[in-house]
Each structure stands twice: as C-alpha cells, then as structure tokens.
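Novice: One line per chain: the protein sequences are A and B, in this order.
Each step along the first sequence adds one to the number in the working numbering, with nothing skipped, and position 96 is 96.
Each step along the second sequence adds one to the number in the working numbering, with nothing skipped, and position 8 is 1008.
Every residue gets a Cβ at the ideal spot worked out from N, C-alpha and C, and that includes glycine.
Predicted model, so just to flag it, every value in this text is computed and none were measured.
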Amino acid sequence: KAGVTQTPRYLIKTRGQQVTLSCSPISGHRSVSWYQQTPGQGLQFLFEYFSETQRNKGNFPGRFSGRQFSNSRSEMNVSTLELGDSALYLCASSLGVSSDTQYFGPGTRLTVL
Amino acid sequence: DQQVKQNSPSLSVQEGRISILNCDYTNSMFDYFLWYKKYPAEGPTFLISISSIKDKNEDGRFTVFLNKSAKHLSLHIVPSQPGDSAVYFCAARDMADTGRRALTFGSGTRLQVQP
C-alpha cells in the first residue's frame, strides 16, 4: 500500500505570493492533518479534515487555509506569503475518527524569499 | 506554553548500548502518547505508542514507559544501532475529545549512535 504523498516536494516563492500544497493520503484513510515544522517552533498543528469538513484548526492566521476533496485528497493554501512561512509542511493521514495513529508524508519544503 | 517538552535537544550513545529519550507533559487531559522518528528530508515515521491505561509498551528493540503521576514518558532503544540516528519526537493527544485528533509535539531529541 502506498504511503502518504505530497507534492511538490520543494517550492520557492517570494513574499506576497500565494502557494498551494497537495497531499494524497494512504488509500482508505479519510482523515488528513497538516503540520508546519520550523527549526524554532518544532511541529505545529495547522488543521485537520475528515470527510471534506474541517474538524479542527490550530493557532495560525487566516492566510492558512485548506480543503479536502471527496477522494480524501487535501490541499493547503497560504496566501500573502511572509518570510516566516518558510518551513517544512507535513501532511498526515489516518483511518478516521477513531484512529489512533497518524502517518506522515515526506513533506513540502517551502522557501519564501 | 509548551505542553509537551523534550528537554534534551541531543543525545549521543555507543552502538549496542541503551538509548533513553525523555518527554514531559503538562496537560493532564493527554492520555495517548506516541513516538515518531524523523530522518532529514523525510516525514516523521510512527514508532510506538502507549495509552494511559498502560505503563509500558514494547515493540522489538523499542519500549515506551509512562509515569502518569509524574507526567513523564520515556523511549528506550536496546540495543542502539547506527541506523537509529535520527530526530525523535514525542507527541500527545487528548483522546477524550474525539473531535480533536491533533497531535501536540515536543521539540525533538537528536539521537546519534556512534559505531
């Protein structure tokens, strides 16, 4: 069974631009969560989607948004990019509401210049 | 305020010896804990988990111990191997809130196993 895939793996943008990251969960998994990893802040929760609905949201500004499609694939969008948005963005999938374990993708490395 | 703390940013051990990674938490509502291993340029890989109804869970060379009264957990790796060199993250979740499956992560401990 294929793991969680994320595209693109690397991305360079400039301040003020917007970016969309994509995540395909493990087949059969219906929950997708997004995390931001930075050297100073570690791994921080962004939001979680289940059955196309956002179920939970972390403490990030409204410039960060996401959505989930009927096939459980998810996208994350960041508008008006800032230098501080440079980070590794990780997607994790799990089976569903009663699932215990989240499985992570390789991440998208975003660099904002 | 960090709810999950890994106070040792790095740890170096000799191959074949025991590696002990520690994690402390402050939120008493956490009752499910996980350890993840992360190599550079890869996403975290699930290692082992433990719920609060247990004080120990073992899987091969990996054992996690939970001391709920002290709000402390540890990961033991025996024997340590050079391939274990990675960053280890402790994570916790409030299982009572089924609508909230977000993981709260510690800042990670970089383990270096010397051959």
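1) Between Leu-110/A and Ala-87/A, what straight-line distance do the alpha-carbon atoms span, to the nearest angstrom?
2) Grab the span of the beta strand (DSSP E) containing Ser-1074/B for me, first residue to last.
3) Taking Gly-28/A and Gln-44/A to be in contact with their CB atoms under 8 Å, please state how far apart those CB atoms are, rounded to whole angstroms.
4) Quick one: what's got a C-beta closer than 8 Å to Val-1013/B's C-beta in the same chain, skipping five residues either side?
5) For Glu-1058/B, decide whether its Cβ has a neighbour in chain A, counting only Cβ atoms nearer than 9 Å.
6) I'd like to know whether the C-beta atoms of Leu-81/A and Phe-104/A end up nearer to each other than 9 Å.
7) Is Asp-1084/B helix, strand or coil when you go by DSSP?
8) Between the Cα of Glu-1015/B and the Cα atoms of Ile-1053/B, Ile-1077/B and Phe-1062/B, which residue gives the shortest distance?
9) Reducing DSSP to helix, strand and coil, say where Leu-83/A ends up.
10) Consult DSSP for Arg-1093/B and reduce its assignment to one of helix, strand or coil.
11) What's the C-alpha gap between Pro-1040/B and Ser-33/A?
12) Taking the alpha carbon of Tyr-10/A as the point to measure from, which residue in Asp-1084/B, Phe-1089/B, Glu-1042/B and Gly-1060/B has its own alpha carbon closest?
Specialist: Taking the coordinates as given:
1) 5 Å
2) 1072-1077
3) Going by Cβ atoms, the distance from Gly-28/A to Gln-44/A rounds to 27 Å, so no, they are not a contact pair.
4) Ser-1019, Ser-1080, Leu-1111, Gln-1112, Val-1113 and Gln-1114
5) no
6) no
7) helix
8) Ile-1077/B
9) helix
10) strand
11) 20 Å
12) Glu-1042/B
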